[in-house]
Amino acid sequence: MKKLPRSFYTRSPLLVAQDLLGKILVRKIGKHVFSGKIVEVEAYRGELDPASHAYRGKTKRNEVMFREGGFLYVYFTYGMHFCANVVTGKANKGEAVLIRALEPIEGIEDMKRNRNMPPDKEPMYSLTNGPAKLCQALDIDGGNNGTDLLGEEIFLTEGKSLLKSATGTSTRVGISRGKEKKWRFFIKGNAWVSKK
DNA sequence: CGACCGATTGACT
DNA sequence: GTCAATCGGTCGG
Numbered sequence: 000m001k002k003l004p005r006s007f008y009t010r011s012p013l014l015v016a017q018d019l020l021g022k023i024l025v026r027k028i029g030k031h032v033f034s035g036k037i038v039e040v041e042a043y044r045g046e047l048d049p050a051s052h053a054y055r056g057k058t059k060r061n062e063v064m065f066r067e068g069g070f071l072y073v074y075f076t077y078g079m080h081f082c083a084n085v086v087t088g089k090a091n092k093g094e095a096v097l098i099r100a101l102e103p104i105e106g107i108e109d110m111k112r113n114r115n116m117p118p119d120k121e122p123m124y125s126l127t128n129g130p131a132k133l134c135q136a137l138d139i140d141g142g143n144n145g146t147d148l149l150g151e152e153i154f155l156t157e158g159k160s161l162l163k164s165a166t167g168t169s170t171r172v173g174i175s176r177g178k179e180k181k182w183r184f185f186i187k188g189n190a191w192v193s194k195k
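Here it is as structure tokens:
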């Protein structure tokens, strides 16, 4: 399938977030290939958005957010978890979209191993139904921060087209500022969407 | 420097 | 439902 071009990413995070639903995230590591359909995302609007890591401007930690769209921003939080974002917009905007949940497609046995789940169990929603869970499943950590999504290691491709009516919006999860903004987007009824 | 807290998860009452 | 794990960023003194 066709890799998404730079122009997909260099737009507003609100547009990119909605358009990311249904796209396929591919992660290659050695001989292993992981892939999954994006089913839940949240937009973070840079210096305009008090919930964004970019709100207070560029630092060593969030430098990748201030690149042009199409790079991967991976951050460490709660002392143990990694979360992955797609950087959007033009350079120096600090905009990104958090990938919150995936529906696994390829590499499910390896994802189970990465998540310490018994391999004989059926695929379960708990494999990738949260931003830190999917990073653990796909073996994404701080070392992947700054990866160019137009490269061969981690990238996105087109998926099946999705009707607008199949998606929903809500407020974002786990934040204390900017609570009222409905910048979370998800595929309605999909079993891998976090929270329930 | 110390205190607080976070774009979370999983274990436990 | 509550709460600990665990550490880097941020802010106040």
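So for the first sequence, numbering that gives the first Met the number 0 puts the first residue at 0; every next one is plus one. Just so it is clear, CB atoms sit at the ideal spot from N, CA and C, and this is done for glycine as well.
Between residue i and residue j, is the Cβ-Cβ spacing less than 8 Å?
{"i": "V38", "j": "L20", "result": "yes"}
{"i": "N33", "j": "D147", "result": "Position check: residue 33 holds Phe in this sequence, whereas Asn was assumed. Their beta carbons are not under 8 Å apart, which means F33 does not touch D147 by this criterion."}
{"i": "T156", "j": "G68", "result": "no"}
{"i": "G93", "j": "F65", "result": "yes"}
{"i": "N113", "j": "A136", "result": "yes"}
{"i": "L219", "j": "V40", "result": "Given that the chain is displayed from residue 0 to residue 195, the structure contains no residue 219 and the question cannot be resolved."}
{"i": "A100", "j": "V192", "result": "yes"}
{"i": "I174", "j": "V73", "result": "no"}
{"i": "G35", "j": "T127", "result": "yes"}
{"i": "P12", "j": "A42", "result": "yes"}
{"i": "A131", "j": "F81", "result": "yes"}
{"i": "F75", "j": "G142", "result": "no"}
Identify every residue that forms a DSSP beta bridge with residue i.
{"i": "L155", "result": "L24"}
{"i": "K36", "result": "I23, E102"}
{"i": "E41", "result": "L97, R183"}
{"i": "S169", "result": "R183"}
{"i": "D147", "result": "F70"}
{"i": "K30", "result": "Answer by DSSP bridge pairing: none, since K30 is not bridged."}
{"i": "K2", "result": "T156"}
CA-CA distance, residue i and residue j?
{"i": "A190", "j": "Y124", "result": "6 Å"}
{"i": "Y77", "j": "T170", "result": "21 Å"}
{"i": "N91", "j": "E62", "result": "9 Å"}
{"i": "K159", "j": "K22", "result": "8 Å"}
{"i": "G129", "j": "E102", "result": "11 Å"}
{"i": "K30", "j": "E105", "result": "13 Å"}
{"i": "T87", "j": "K111", "result": "30 Å"}
{"i": "K194", "j": "K187", "result": "13 Å"}
{"i": "W182", "j": "I28", "result": "31 Å"}
{"i": "A50", "j": "A16", "result": "16 Å"}
{"i": "M79", "j": "L149", "result": "28 Å"}
{"i": "S164", "j": "F7", "result": "21 Å"}
{"i": "T168", "j": "N115", "result": "32 Å"}
{"i": "L3", "j": "D18", "result": "11 Å"}
### Task
Enumerate, from N- to C-terminal direction, the unbroken beta strand (DSSP E) stretches of 3 or more residues contained entirely within the stretch 48–114.
Within the stretch 48–114, the complete beta strand (DSSP E) segments of 3 residues or longer fall at 71–76, 80–87, 94–105, listed in chain order.
### the stretch 115–122 contacting the stretch 53–73, beta-carbon criterion three pairs below 8 Å
no
### Task
Please determine if the stretch 136–153 and the stretch 169–180 are in contact, where contact requires at least 3 C-beta pairs separated by less than 8 Å.
no
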